[in-house]
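Notes follow the structure.
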Amino acid sequence: MSIAKEAFEKLYPEKTLKYKLSLKYSAKFKPYNANVKKYQRIIEFSLSPKWKEVSPEIVIGLIQVLLIKLFKTKKHTINTDLYNSFIKNLHISIPKEHSDPILLESFNRVNEKYFYSLIEAPNLKWGSHSRRELGSYNYHTDTIKVSRIFLNSGNEILDYIMYHELLHKKLKFQGKSARNYHHTSEFKVEEKQFENYPEMEKRIAELIRKSRYRSFLSGFNQ
Ligand SMILES: [Zn+2]
Numbered sequence: 133m134s135i136a137k138e139a140f141e142k143l144y145p146e147k148t149l150k151y152k153l154s155l156k157y158s159a160k161f162k163p164y165n166a167n168v169k170k171y172q173r174i175i176e177f178s179l180s181p182k183w184k185e186v187s188p189e190i191v192i193g194l195i196q197v198l199l200i201k202l203f204k205t206k207k208h209t210i211n212t213d214l215y216n217s218f219i220k221n222l223h224i225s226i227p228k229e230h231s232d233p234i235l236l237e238s239f240n241r242v243n244e245k246y247f248y249s250l251i252e253a254p255n256l257k258w259g260s261h262s263r264r265e266l267g268s269y270n271y272h273t274d275t276i277k278v279s280r281i282f283l284n285s286g287n288e289i290l291d292y293i294m295y296h297e298l299l300h301k302k303l304k305f306q307g308k309s310a311r312n313y314h315h316t317s318e319f320k321v322e323e324k325q326f327e328n329y330p331e332m333e334k335r336i337a338e339l340i341r342k343s344r345y346r347s348f349l350s351g352f353n354q
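For the sequence shown, our numbering gives the first residue as 133, with consecutive numbering after it.
Right, dumping it as structure tokens:
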């Protein structure tokens with residue numbers, strides 16, 4: 133029996149399989165990424181080749197998580213629990229390849245002030261000049277990316293963005309269903325612990341407005 137079929141049957145023992153399941157590995161994916169597509173009667177799973185090195189019980193959990201997303205059902209199994217703890221602990225085994233002196237200093241300040249220096253440094257990268265995505269934390273690659281609009285914004289604002297992303301690393305995601313809630317109420321409570329929280333929100337809104345104006349000017353000059 134194929135691993136995809138096994139995953140389906142363990143997840144929906146009461147259902148009969150009306151689809152042809154196919155599973156392929158694609159080197160285009162970043163480590164541990166995966167997706168699922170459904171055509172009429174075919175469900176196709178595409179996985180990063182990294183999954184070949186992972187225990188089949190965990191891969192079954194991954195396939196089940198993809199099926200749960202596809203069918204929008206709320207369910208969890210031993211395998212989806214295994215998968216979730218695998219993803220949560222992935223950062224430990226991920227080599228740290230990217231860092232940056234400004235971001236690392238910010239990380240060290242925030243880690244010391246708010247997390248008793250207990251958080252292990254993630255990969256740190258500057259992103260594009262995005263005003264929409266100010267920062268992000270990628271669980272799969274253990275990477276914090278900060279928008280370049282904060283490059284010269286001063287330590288306080290940068291640290292606030294860093295704090296938000298480190299909270300994602302600390303709290304991971306919650307809930308046993310496949311739908312993970314990143315900004316949980318627990319997250320929001322902790323986020324407000326940042327010094328001058330309301331002031332920070334205002335300053336960021338202002339910075340975004342200004343950078344919009346500036347990018348308009350530079351576009352105009354070209
Ligand atoms: Zn967030």
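Each residue gets a CB set at the ideal place from its N, CA and C atoms; glycine is no exception.
Assigned secondary structure, residue i (DSSP; H/G/I helix, E/B strand, else coil)
i, result
"Val278", "strand"
"Glu176", "strand"
"Ser154", "strand"
"Ser268", "strand"
"Val168", "strand"
"Asn284", "coil"
"Lys304", "coil"
"Leu149", "coil"
"Asn328", "coil"
Nearest-angstrom beta carbon gap, residue j and residue i [assumed within contact, 8 Å]
i, j, result
"Glu265", "Ser285", "The pair is not a contact, with the Cβ atoms about 15 Å apart (cut-off 8 Å)."
"Leu222", "Val168", "Going by Cβ atoms, the distance from Leu222 to Val168 rounds to 20 Å, so no, they are not a contact pair."
"Pro254", "Ile289", "About 19 Å separates the two Cβ atoms, so there is no contact after all."
"Pro181", "Tyr164", "With a Cβ gap of about 10 Å, Pro181 and Tyr164 do not count as contacting."
"His296", "His314", "At roughly 11 Å, the Cβ-Cβ gap does not stay under 8 Å, so His296 and His314 are not in contact."
"His230", "Leu199", "Not a contact, Cβ separation roughly 33 Å."
Local Cβ density within 10 Å of residue i, reported as buried at 16 or more and exposed below that
i, result
"Asp213", "exposed"
"Gln196", "buried"
"Val191", "buried"
"Lys147", "exposed"
"Lys334", "exposed"
"Ala136", "buried"
"Tyr246", "buried"
"Asn240", "exposed"
"Asn328", "exposed"
"Val242", "buried"
Between the CA atoms of residue j and residue i - distance to the nearest angstrom
i, j, result
"Pro188", "Ser268", "30 Å"
"Met133", "Phe161", "26 Å"
"Ser343", "Ala166", "35 Å"
"Glu323", "Arg341", "23 Å"
"Ile336", "Pro233", "22 Å"
"Trp258", "Thr273", "15 Å"
"Ile226", "Ile174", "34 Å"
"Leu303", "Phe319", "7 Å"
"Leu194", "Ile210", "11 Å"
"Glu338", "Leu235", "22 Å"
"Leu179", "Leu155", "8 Å"
CA nearest to the CA of residue i, picked from the options
i, options, result
"Met332", "Lys302, Met294, Leu256, Leu303", "Met294"
"Asn287", "Asn255, Glu237, Lys320, Glu318", "Glu237"
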